[in-house]
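Notes for the one structure printed next.
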Amino acid sequence: MTLSANTIASLAEHLEACRLGVRDTPKITDEHPGMDWDDAYAIQDAILAAQLARGAKPAGLKCGLTSHAKMKQMGVAEPAFGFLTDEFAVAEGAEIAARDLIHPKVEPEIVFVLERELKGPGCHIAAVLAATDFVLAGIEVIDSRYRDFKFDLKSVIADNTSAARFVVGGRAMRPDALDLRTLGVVMEKNGQVVALGAGAAVLGHPAAAVAMLANHLGRRGRSIPAGVPILSGGVTEAVAVAPGDHVSLRIQHLGSVALRFA
Ligand code: 0L1
Ligand code: MG
Numbered sequence: 385m386t387l388s389a390n391t392i393a394s395l396a397e398h399l400e401a402c403r404l405g406v407r408d409t410p411k412i413t414d415e416h417p418g419m420d421w422d423d424a425y426a427i428q429d430a431i432l433a434a435q436l437a438r439g440a441k442p443a444g445l446k447c448g449l450t451s452h453a454k455m456k457q458m459g460v461a462e463p464a465f466g467f468l469t470d471e472f473a474v475a476e477g478a479e480i481a482a483r484d485l486i487h488p489k490v491e492p493e494i495v496f497v498l499e500r501e502l503k504g505p506g507c508h509i510a511a512v513l514a515a516t517d518f519v520l521a522g523i524e525v526i527d528s529r530y531r532d533f534k535f536d537l538k539s540v541i542a543d544n545t546s547a548a549r550f551v552v553g554g555r556a557m558r559p560d561a562l563d564l565r566t567l568g569v570v571m572e573k574n575g576q577v578v579a580l581g582a583g584a585a586v587l588g589h590p591a592a593a594v595a596m597l598a599n600h601l602g603r604r605g606r607s608i609p610a611g612v613p614i615l616s617g618g619v620t621e622a623v624a625v626a627p628g629d630h631v632s633l634r635i636q637h638l639g640s641v642a643l644r645f646a
């Protein structure tokens, strides 16, 4: 760690104030270029603690920047991990108030729900599949607190990997009934196809992202809990949305899920 406890607390407060006040900010590494990975995750942890202190409930975990398309879009070379609380959860088909978000984008996700806790190190695709109860379709709404989505990996980790809203739905399927690499993914905005992909776009296999998350948490003495959604990462580039937009996602065998922006 390179930042003091006070600096971590004040950066967490700043990013959370930006989220709640719907305003953007320059990336925090501009002022703190020496910030390291532990600082970045400590800021993220402090944001989670603030949300829980306000009454939010943990509602899952997310892997971000797990596809080559996203890494290229954002100019970074490694995945990142974040948390979900019930403040971010949206019911299937529900309307999201765009005025509560800065510059939202949507991305299609394959969502895992585990039947037993998973802990790294040493976690791999087969261990994830063996621990998975079912997989689902999900749409993540990301909303970087950084101006024009311009950030580096440490800044975006501190900002809880741009997490803003998510919806899961469609048809829950056992993972052994599917080949998750070849699942076709089609996302439409206002009836037009805006993103197309397959599960393998996520690190070759979406379960590889979940294994990386388990290993990342294991290094911090934590684990992936059972029974909550784990977003394995956007299958395609994220697509910008505006008030009035309707977004629907179809994933082969997993059915459809949709959102509307008001
Ligand atoms: O879930 C994601 O892949 C988003 C990670 C953060 C980067 C971004 O804001 O696009
Ligand atoms: Mg995502």
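Quick note on this note's numbering: the sequence shown kicks off at 385 and runs consecutively.
Idealized CB from N, CA, C, for every residue including glycine.
All figures in this text were calculated on a predicted structure; none of them were measured in a lab.
Annotated three-state conformation of K411 is coil, per DSSP. Environment of ligand 2, chain-ordered: K446, G448, E491, E493, E524, I526, L615, G617 and G618, taking every residue with Cβ within less than 7 Å of a heavy atom. Three or more Cβ pairs drawn from the segment 537-549 and the segment 423-432 lie within less than 8 Å of each other, which places the two stretches in contact. Residue side-chain check: F533 places its Cβ nearer than 8 Å to a non-hydrogen atom of ligand 1. Look at S607 here: in three-state DSSP terms it is coil, with no helix or strand label. If you ignore the 5 residues before and after E400, its C-beta comes within less than 6 Å of the C-beta of I431 and A434, all in its own chain and listed in chain order.
At the C-beta level, S616 and V586 come within 9 Å of one another.
In this structure, C402 lies away from A593, with their beta-carbon atoms at least 9 Å apart.
Per DSSP, E471 lies in no beta strand (DSSP E) segment and is marked neither H nor E. Not one heavy atom of ligand 1 falls within 8 Å of the beta-carbon of V641. Only residues of its own chain outside the window of five on either side were considered, and among them N599, G602 and R603 have a CB closer than 7 Å to the CB of P505, listed in chain order.
Exclusion of the five residues before and after A482 leaves P627 and F645 as the residues of its chain whose Cβ lies within less than 6 Å of its Cβ. If you keep only unbroken beta strand (DSSP E) runs of at least 3 residues inside the segment 524-580, you get 547-557 and 568-573.
Under the 10 Å beta carbon count, M571 is surrounded by 16 or more other beta carbons and is classified as buried. Within the chosen limit of 8 Å, ligand 1 reaches the beta carbon of V540 through at least one heavy atom.
With respect to the C-alpha of A511, the residue from V625, L597, F467 and S388 having the closest C-alpha is L597. For H630, the uninterrupted beta strand (DSSP E) run begins and ends at H630 to I635, by DSSP.
Proximity to D408 across D484, F496, V631 and P609 peaks at D484, based on C-alpha coordinates. Put simply, of A443, A440 and P463 the residue whose alpha carbon is nearest the alpha carbon of S451 is P463. Beta-bridge pairing by DSSP links T516 to L498.
Scanning its chain for C-beta atoms nearer than 7 Å, with the 5 sequence neighbours on each side dropped, one finds around G554 the residues L520, A521, I635, L638, G639, S640 and V641, in chain order. Judged by DSSP in its simplified three-state form, C507 adopts coil rather than helix or strand. Residue pairing by DSSP places G639 opposite I635 in a beta bridge. Comparing alpha-carbon positions, the option among E415, I509 and I486 lying closest to A624 turns out to be I486.
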